[in-house]
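Sequential numbering of the sequence shown, starting at 919, is according to the numbering used here. All residues carry an ideal CB built from backbone N, CA and C; glycine is no exception. Since the model is a prediction, treat every value here as computed from it, not as a measurement.
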Amino acid sequence: MNENCCAPEAGDCAPAPGTQAPPTPSDHCPACGQKGQKVDSLTVKAMLSVSLKAVRDTTYRFCRTADCEVVYFAGEGRQTFTRAQMREAVYQKEPHNPEVLVCYCFRHSPASIKAELLRTGCSTVVEQINTGIKAGQCACDIRNPQGSCCLGNVSQLVKRLEQEAKEAA
Ligand SMILES: [Zn+2]
């Protein structure tokens, strides 16, 4: 009779076994309404500064909207983790902070990329990251808040900084 002694207490965090989450709108951020990209729960666990007791066995999504405080959300928005609960500043949330990391594995920031651009006239950051990836040195799933490779963000940022440098010249 005590086979359930270790089961979690019933509540909104314990979905009935065998039930499937409805397809929408659980993939949209409850704060800004934008669609969030699925992230592995390992990423959430690696990024949180709060106790991992709060992490549930569910699908978490990443909100990339710059002016939205929510970083991860789950369960039709009933659970959210905000910027203040992260161990790292989140690039997508601070696009104008020169010191925020854009590449979390090799620690490149807008400021460091811009410094190279000003010094040499071109950026080698994408090549540097690719070299690191080939050498097996990257760990985007546990270091980058978006849980995936930073190269798309880095290339976009390099283009923007090159444009700004041209306009300033
Ligand atoms: Zn949001």
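Taking the alpha-carbon of residue i as reference, which of the options has the nearest alpha-carbon?
i	options	result
S1073	N1015, S969, Q1046, S959	Q1046
A982	F991, D975, T976, Q997	The residue you asked about is not Ala; residue 982 is Arg in the sequence shown. Closest option to R982, Cα to Cα, is F991.
G995	V1043, K953, V1044, Q1064	K953
N1048	T1000, I1031, D958, C1068	C1068
T977	C986, V988, V962	V962
K1032	R1078, R1005, A964	R1078
E987	N1062, I1060, Y1009, G993	Y1009
V968	F999, L1075, E1085	F999
N1062	V1043, L966, L970, L1035	L966
C950	Q1064, K1011, A1002	K1011
K1084	V1043, I1060, L1036, A1029	L1036
A972	T1038, Q1064, Q997, M1004	Q997
I1060	N1015, E1006, E1017	E1006
F1065	S1041, P948, F980, S944	It is Gly, not Phe, that sits at residue 1065 in the sequence shown. Among S1041, P948, F980, S944, the Cα nearest to that of G1065 is on F980.
G1039	P1013, V1018, N1071, E1082	E1082
L864	G1050, E1080, N1071, D975	Since the first residue shown for the chain is 919 and the last is 1087, residue 864 is missing from the structure and cannot be characterised.
Bridge partners for residue i per DSSP, in chain order?
i	result
K953	H946
L966	M1004
The alpha helix (DSSP H) spanning residue i covers which residue range?
i	result
Q1064	Premise fails: Q1064 is in no alpha helix (DSSP H) and is neither H nor E.
K1077	1069–1086
Can you confirm whether residue i, when its beta carbon is compared against all beta carbons of chain B, has any partner nearer than 8 angstroms?
i	result
T961	The chain inventory of the structure shown lacks chain B, comprising one protein chain alone.
Residue ranges of each alpha helix (DSSP H) within the region 974–1060, 4 or longer
1028–1038, 1043–1052
Is the region 1022–1038 close to the region 1050–1058, with three or more CB pairs under 8 angstroms?
yes
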